[in-house]
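Residue numbers (the UniProt record's numbering), protein chains in the order written: chain A, 1 to 141; chain B, 1 to 141.
We put the beta carbon where it would ideally sit given N, CA and C, even for glycine.
Note that the structure is predicted; figures quoted are calculated from it, not measured.
Let me begin by presenting the structure, written as structure tokens, before commenting on it.
Number of protein chains: 2
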Amino acid sequence: MTTTDAAAPRFADHPLASASTCSSDEPASGVIRDVLSRVGDKWSLLVVGLLDDRSLRFTELQRKVDGISHRMLTQTLRNLERDGLVSRTAYPEIPPRVEYAATDLGRSLAAPVLGLVGWAAANHEAITAARDTYDDAAPGA
Amino acid sequence: MTTTDAAAPRFADHPLASASTCSSDEPASGVIRDVLSRVGDKWSLLVVGLLDDRSLRFTELQRKVDGISHRMLTQTLRNLERDGLVSRTAYPEIPPRVEYAATDLGRSLAAPVLGLVGWAAANHEAITAARDTYDDAAPGA
DNA sequence: CGGAATCCATGCTGATACTG
DNA sequence: CAGTATCAGCATGGATTCCG
Numbered sequence: 001m002t003t004t005d006a007a008a009p010r011f012a013d014h015p016l017a018s019a020s021t022c023s024s025d026e027p028a029s030g031v032i033r034d035v036l037s038r039v040g041d042k043w044s045l046l047v048v049g050l051l052d053d054r055s056l057r058f059t060e061l062q063r064k065v066d067g068i069s070h071r072m073l074t075q076t077l078r079n080l081e082r083d084g085l086v087s088r089t090a091y092p093e094i095p096p097r098v099e100y101a102a103t104d105l106g107r108s109l110a111a112p113v114l115g116l117v118g119w120a121a122a123n124h125e126a127i128t129a130a131r132d133t134y135d136d137a138a139p140g141a
Numbered sequence: 001m002t003t004t005d006a007a008a009p010r011f012a013d014h015p016l017a018s019a020s021t022c023s024s025d026e027p028a029s030g031v032i033r034d035v036l037s038r039v040g041d042k043w044s045l046l047v048v049g050l051l052d053d054r055s056l057r058f059t060e061l062q063r064k065v066d067g068i069s070h071r072m073l074t075q076t077l078r079n080l081e082r083d084g085l086v087s088r089t090a091y092p093e094i095p096p097r098v099e100y101a102a103t104d105l106g107r108s109l110a111a112p113v114l115g116l117v118g119w120a121a122a123n124h125e126a127i128t129a130a131r132d133t134y135d136d137a138a139p140g141a
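And the structure:
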């Protein structure tokens, strides 16, 4: 089910390391760390996902995510904008109106993320079961 | 909770939310948060990736990841084992030998992650360029 | 060698207040 | 409405130390 995407040859295979010019001191680790640093936070993925659907205003965004605070939304938005994943359009009006929209780059992120989300959804029960088994085996943890 | 309800038919589509019994207080956000909590940390993905390639011992793992500390490796391994993504095999010998291997579930994670990593690798330069542009436009930041 | 517990430093996150 | 700045609290990550 879901898009299993590629055939998944290896994980930290050489091609990945070669394709990455992360210039870190690690082979593929840098790439993973890179993507994690980018969308591994609590809200980035949510915001990009919401914006992928349609453009939204600051308040709209805050209303939809809800759990996010004013500060975090601003911070997340700025970071996303900086990475070119989200575009910010400010209208010099009164009251001020700012609309955020996902860029082409931001939309391209949706595909791979969807794959990961699909995996999580598909294997959620399996993980829960594993946790239950583990918890049962080590109750005094 | 009169949730603002779903507003992301594409990204956090209903089927995803339905498939997840994460029992959070968010609709599809929970799924993303869930997967983020699972592999969104600094090392889980790296460890699973390394193990996806082949089984490794504790020391081997620490040597390959390198940047990870003793404590973090143990913690990450335990967490991964708890989720059923990694299997732990301890040999009651002297000196003790413990081998870690990715489970079928752990290997299935490689596919979607690879997609995300591929995205990061492919759009890395685009993001860097965007950052440069942003940084250039906001020097007084 | 592998693991666990402790302690510490840092970062991230959230709440609040103030400005335009 | 949108954004920024400051403060305080919690969580994450790291180093060390002791045990099997």
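Residue i (DSSP reduced to helix, strand or coil)
i, result
"B:S37", "helix"
"A:L61", "helix"
"B:T21", "At B:T21 the pLDDT is 36, less than 50, meaning the model places this residue with poor confidence; the figure from the coordinates comes in the next sentence. B:T21 falls in the coil class under three-state DSSP."
"B:A141", "Low per-residue confidence applies at B:A141: pLDDT is 45, beneath 50, and the placement is therefore not dependable enough to give any value."
Neighbour flag for residue i against chain A, beta carbons, 9 Å
i, result
"B:R82", "yes"
"B:R38", "yes"
"B:S69", "no"
"B:S55", "no"
"B:L109", "yes"
"B:L61", "no"
"B:D25", "Its pLDDT being 36, under 50, B:D25 is placed unreliably by the model, and the measurement read from it follows with that caveat. It does; some Cβ of chain A falls within 9 Å."
Other residues of its chain near residue i: CB distance less than 8 Å, five sequence neighbours each side excluded
i, result
"A:W43", "V65, I68, M72, L73, T76"
"B:V86", "V47, V48, L51, L77, L80, Y100, A101, A102, T103, G106"
"A:H70", "Q62"
Min CB distance residue i to chain B below 9 Å
i, result
"A:V98", "no"
"A:I94", "no"
"A:L45", "yes"
"A:S85", "Note that residue 85 of chain A corresponds to Leu in the displayed sequence, not to Ser. Yes, contact with chain B."
"A:L73", "no"
"A:L77", "no"
Run of the alpha helix (DSSP H) containing residue i, from where it starts to where it stops
i, result
"B:R107", "104-137"
"A:R54", "Note, A:R54: premise wrong, no alpha helix (DSSP H); not H, not E."
Continuous beta strand (DSSP E) stretch holding residue i: start and end
i, result
"A:S87", "86-91"
Cβ-based neighbour list, residue i, same chain, cut-off 7 Å, excluding 5 preceding and 5 following
i, result
"B:R97", "R57, Y91"
"B:E93", "none"
"A:G84", "T103, L105"
Contact set for residue i: own chain, Cβ-Cβ below 6 Å, skip 5 residues either direction
i, result
"B:G40", "none"
"B:S29", "none"
* Taking a cut of 8 Å between CB atoms, which residues from the segment 112-141 of chain B lie near chain A? -> P112, V113, L114, G115, L116, V117, G118, W119, A120, A121, A122, N123, H124, E125, A126, I127, A129, A130, R131, T133, Y134, D135
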